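A.B. asks:
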Amino acid sequence: MCILHLLVEFRNNNMASYYVNMNKDDKGDNEVHISGCNWMPAVSNKEYLGEFYNCNGAVSEAKRRGYNANGCYRCSRSCHTS
Ligand SMILES: [Zn+2]
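The working numbering applies: residue 448 is where the sequence shown begins, and numbers increase by one.
#1: Tell me which residues pass a beta-carbon proximity test against ligand 1: closer than 7 Å to any heavy atom, given in chain order.
#2: In or out: Y520 buried (at least 16 other Cβ within 10 Å) or exposed?
#3: The beta strand (DSSP E) spanning N517 covers which residue range?
#4: Just to confirm, is the Cβ distance from G518 to V479 under 7 Å?
#5: At what residues does the alpha helix (DSSP H) containing V506 begin and finish?
#6: Which stretch, first to last residue, makes up the beta strand (DSSP E) that contains S525?
#7: Compute the Euclidean distance between the alpha carbons of K493 and C522, then round it to the nearest angstrom.
#8: In angstroms with no decimal places, state the Cα-to-Cα distance between V471 and M462.
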């Protein structure tokens with residue numbers, strides 16, 4: 448396998464598509480999810496954030512857009528604070 452293939456594999460294995468729930472939960476948080484999470488909101492209630500290596504980048508991007516972002520307990524537990 449050439450180095451380019453390795454780099455592509457590394458990228459694919461470590462980046463994920465993240466979405467934010469446009470509706471706040473009962474604590475007033477907008478949950479951030481990885482694409483494919485079972486707790487993802489319905490299509491009409493989510494906004495695509497982009498591809499990130501981890502939930503920290505996704506939560507930062509959601510906050511930049513004005514959301515009270517917090518990681519999903521199920522798929523982004525390291526960013527789940529409340
Ligand atoms: Zn989730």
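The beta-carbon is built from N, C-alpha and C at its ideal position, and this holds for glycine as well. A quick note: this is a predicted structure, and the numbers were derived from the prediction, not measured.
C.D. replies: So, from the listed chains and residues:
#1: By the rule of a C-beta closer than 7 Å to any heavy atom of ligand 1, the residues picked out are E478, H480, I481, C484, W486, M487, C519, R521, C522 and S523.
#2: Per the 10 Å Cβ criterion, exposed.
#3: Here the beta strand (DSSP E) through N517 covers A516 to G518.
#4: Yes, Cβ-Cβ distance for G518 and V479 is below 7 Å.
#5: Counted as a single uninterrupted DSSP element, the alpha helix (DSSP H) harbouring V506 occupies residues C502 to R511.
#6: Counting along the chain, no beta strand (DSSP E) covers S525, and no H or E run does either.
#7: Approximately 15 Å, taken between the alpha carbons.
#8: Just to set this straight, residue 471 is Lys in the shown sequence, not Val. The straight-line gap from Cα to Cα measures roughly 25 Å.
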